[in-house]
Structure formats: structure tokens, C-alpha cells
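Q: Take numbering that gives the first Met the number 0: the final residue in the sequence shown is number 294, and no numbers are missing along the way. Glycine included, C-beta positions come from ideal geometry on N, C-alpha and C. This structure is a prediction, so every number in the text was calculated from the model and none was measured.
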Amino acid sequence: MNVGFIGLGVMGKPMAVHLVDAGHQVVVFNRSRPKVAELEARGAVGGTSPAHVGEKADVVVTMLPDSPDVEEVLFGAEGVVSTLRPGSLVIDCSTISPDAAVTIAARLAAMDIAFVDAPVSGGEAGAIAGTLAVMMGGEEEAVRRAGEVLTAVAATLVHVGPVGAGQLVKAANQMLVAGNIALVGEAVTLLQRTDVDVDAALTVLGGGLAASKVLEAKAPKMLARDFAPGFRVDLHYKDLKIALAAAERAQIAVPLTGVITQLVQALRSAGDGGLDHSALIKSLERLSGTSSDSR
Ligand code: NAD
0 MNVGFIGLGV MGKPMAVHLV DAGHQVVVFN RSRPKVAELE ARGAVGGTSP
50 AHVGEKADVV VTMLPDSPDV EEVLFGAEGV VSTLRPGSLV IDCSTISPDA
100 AVTIAARLAA MDIAFVDAPV SGGEAGAIAG TLAVMMGGEE EAVRRAGEVL
150 TAVAATLVHV GPVGAGQLVK AANQMLVAGN IALVGEAVTL LQRTDVDVDA
200 ALTVLGGGLA ASKVLEAKAP KMLARDFAPG FRVDLHYKDL KIALAAAERA
250 QIAVPLTGVI TQLVQALRSA GDGGLDHSAL IKSLERLSGT SSDSR
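(1) The alpha helix (DSSP H) spanning L7 covers which residue range?
(2) What separation, rounded to the nearest whole angstrom, lies between the Cα atoms of P85 and A141?
(3) So for A181, helix, strand or coil by DSSP?
(4) I need the straight-line Cα distance from G22 to V2, nearest angstrom please.
(5) Is it the case that the region 263-283 contacts the region 220-227, given that we only count it when at least three CB pairs across the two stretches are under 8 Å?
(6) Compute every distance between the C-beta of F226 and the non-hydrogen atoms of ligand 1, then say whether any falls below 8 Å.
(7) Taking the beta strand (DSSP E) that I90 belongs to, which residues open and close that run?
(8) Tell me whether L208, by its Cβ, gets closer than 8 Å to a heavy atom of ligand 1.
(9) When every heavy atom of ligand 1 is checked, does at least one fall within less than 8 Å of the C-beta of N179?
(10) Per DSSP, which one or two residues make a beta bridge with T260?
(11) Would you say the beta carbon of I62 comes nearer than 8 Å to a heavy atom of ligand 1?
(12) Hey, how far is the Cα of K240 from the Cα of I280?
(13) Across the region 43-52 and the region 21-35, are there enough close Cβ pairs to call them in contact, namely three or more that are closer than 8 Å?
(14) Which runs of the beta strand (DSSP E) at least 3 residues long sit entirely within the region 23-51? Give them in chain order.
(15) Any idea what DSSP makes of F230, helix, strand or coil?
(16) Just to confirm the assignment, what range does the beta strand (DSSP E) spanning V157 have?
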């Protein structure tokens with residue numbers, strides 16, 4: 000298939016590599032040129048603009064930070080739709096608001112271009128391994144076509160409802176991940192203030208009901224004070240705001256998500272928005288007056 004891929008960041012770069020390795024003709028574009036060159040070295044064609052990608056592709060995948068970025072790449076000056084042919088498909092793997100996904104789908108439908116929102120979970124490690132979980136929203140036929148492309152990057156690929164549904168499920172995913180990180184952070188902070196052997200404690204916690212992928216992946220980063228992203232705090236804040244807006248619209252109270260969003264905001268206020276979201280432990284340590292950074 001002729002696949003366009005736009006957004007070669009932490010997630011997009013390894014995903015695009017998997018598409019090349021799966022045998023697709025892949026044309027890529029990113030705002031900063033060096034990442035395009037890296038993909039060219041892996042067998043992709045380097046695009047010069049989103050419009051150039053649209054000209055070469057039947058399916059365009061976007062993996063960008065937020066809703067305005069996706070809108071700009073698709074509909075802005077030299078955007079994808081200025082060249083993409085009717086009958087093509089756009090798959091947005093970014094995490095954006097469900098409302099934006101619905102609006103984008105409607106604008107594309109008016110040009111006879113299909114759209115699937117397909118946000119992913121599994122982090123950088125899942126993107127590199129090609130084992131992401133992908134939650135797809137869209138019409139049956141569009142989702143079937145999207146699945147043929149995304150199978151190269153995913154271990155779990157599920158159609159969860161109409162356009163926007165993928166983003167709603169991703170919002171739920173981000174509530175679960177943030178809550179889990181916050182409690183892992185609290186538990187680690189507590190254990191570090193005691194005489195407990197923290198490594199031994201984490202081993203036994205990982206063998207019982209408290210085990211989780213978050214515990215497994217994030218507790219070691221907290222202990223090592225290794226907060227290189229990974230998944231940036233600022234991006235998780237964006238996702239929690241999406242979840243709060245979705246809850247408000249559904250008239251559902253999500254008090255824990257509200258508190259955790261505030262803890263994440265505190266982290267950003269302290270200048271830590273560019274760190275990995277495992278840095279949430281720093282917010283909790285500050286509340287307890289423990290100086291994490293001097294440890
Ligand atoms: P990132 O910031 O590392 O990558 C984004 C890329 O898009 C960058 O290379 C940037 O140069 C490029 N870009 C931005 N605007 C552009 C534009 N207008 N034109 C062309 N290129 C542009 O972000 P990421 O961590 O790869 O995340 C991408 C999306 O995936 C986000 O919505 C994020 O919430 C979601 N996500 C991230 C993770 C993770 O662990 N990092 C996991 C799941 C989902």
C-alpha cells in the first residue's frame with residue numbers, strides 16, 4: 000500500500016519504521032528535517048510537505064501532539080487534503096479530543112475521504128516492539144482498511160465504535176494510567192521513608208493483585224530518578240483535560256481524575272512539564288516535604 004506518515008516523534012518514528020518493514024511504500028513528513036532523513040535511511044521516501052505526502056499516498060497516518068496540529072497538517076496551507084484523492088483514508092493515531100475527531104471526519108467526508116481515529120497505548124516501548132494497543136473509531140469499512148495498515152504496529156487492534164469513540168476509550172486509558180502512576184508514586188514515596196528494602200517490596204508487589212504494567216515500567220524509573228521521556232507530562236495533562244471534558248459532557252463525576260490532573264498541573268507549574276509522566280512522584284514528594292532531587 001502507498002502509506003503517508005506525518006509526525007516522526009517518540010511514537011511516530013518507530014511506527015513508520017514498522018510500516019516500511021511490513022512492505023508498504025511509505026512517504027514521511029515531519030516538521031524537523033533530521034527525522035525525515037532517519038526514515039529515508041530505513042527505506043521510506045522523504046516528503047517535503049503534508050501536501051507532498053497526500054499526493055503520493057492512498058492512506059495517510061498522522062501521529063502529532065494535539066488537535067490543532069492534526070487540523071493544520073490536514074487542512075492548513077500545503078495541507079494533506081490539498082492533494083489527497085477522493086476514496087483515500089486518513090488514520091489519526093494522535094491523542095486528540097473526541098469532538099475534534101468528529102469535526103475532522105465530517106470535513107474529510109465532504110471530500111469523499113474516510114477517517115478513522117486510532118489512538119494508541121503502549122508507550123515508546125510498545126511502538127518500538129510493534130505491540131501497541133489501538134482503539135479505532137469509525138465506519139466498518141474504513142476501520143477494516145485502517146486495520147490492514149495498523150496491524151504492522153499493533154498487538155491489539157479493536158473497533159470500539161463510531162468516529163470519536165477511539166479517543167473516548169483513549170481518555171479512559173489515560174485516566175487509568177495517570178491514577179496508577181499516582182498511586183505507584185505514593186507507595187514508592189512511603190516505602191522510601193521507611194526501613195523497608197524497596198526493591199524487594201516492588202518484587203513482591205509485582206507478584207500480587209497490585210501488579211500492573213505501570214508498576215513494572217514506572218517504579219524503576221522513579222527509583223532511578225530517570226525522568227527522560229517517554230511520555231511527556233505536558234501530553235498527559237492534555238489527555239486528562241480531554242477526559243475531564245468528556246466526563247463533563249457525559250455528566251459523570253470523576254473526582255480522582257480531577258485530583259490527579261491538579262497534581263500534574265503542579266508538576267508543570269514547577270517546570271517539569273517536559274519530563275516523563277513517571278515524574279508525577281515529584282509532585283507527591285513535594286507535598287510531603289521530601290526533597291527528591293537531592294536524593
Ligand atoms: P512527540 O512530540 O515526540 O512527536 C510529535 C512529532 O510531530 C514531532 O516529531 C514534531 O516535530 C512533529 N510535528 C508537530 N507538529 C507538526 C506539524 N505541524 N507538521 C509536521 N510535524 C509536526 O510526541 P509523541 O510522544 O510521539 O506523541 C504523539 C501523539 O501520540 C500525542 O498525541 C501523544 O499524546 C500520543 N501518545 C504518546 C505516547 C508516548 O508514550 N509518547 C503514547 C501513546 C500516545
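A: According to the data block:
(1) From DSSP, L7 is part of no alpha helix (DSSP H); its letter is neither H nor E.
(2) 13 Å
(3) Taken through DSSP and simplified to helix, strand or coil, A181 comes out as helix.
(4) 10 Å
(5) Enough Cβ pairs lie closer than 8 Å, so yes.
(6) no
(7) 88-91
(8) It does not: the Cβ of L208 is nowhere closer than 8 Å to a heavy atom of ligand 1.
(9) No, the beta carbon of N179 sits no closer than 8 Å to any heavy atom of ligand 1.
(10) In DSSP, T260 forms no bridge with anything.
(11) Before going further, note that residue 62 is Met rather than Ile in the sequence given. Yes.
(12) 20 Å
(13) Yes, the region 43-52 is in contact with the region 21-35.
(14) If you keep only unbroken beta strand (DSSP E) runs of at least 3 residues inside the region 23-51, you get 24-28.
(15) coil
(16) 153-160
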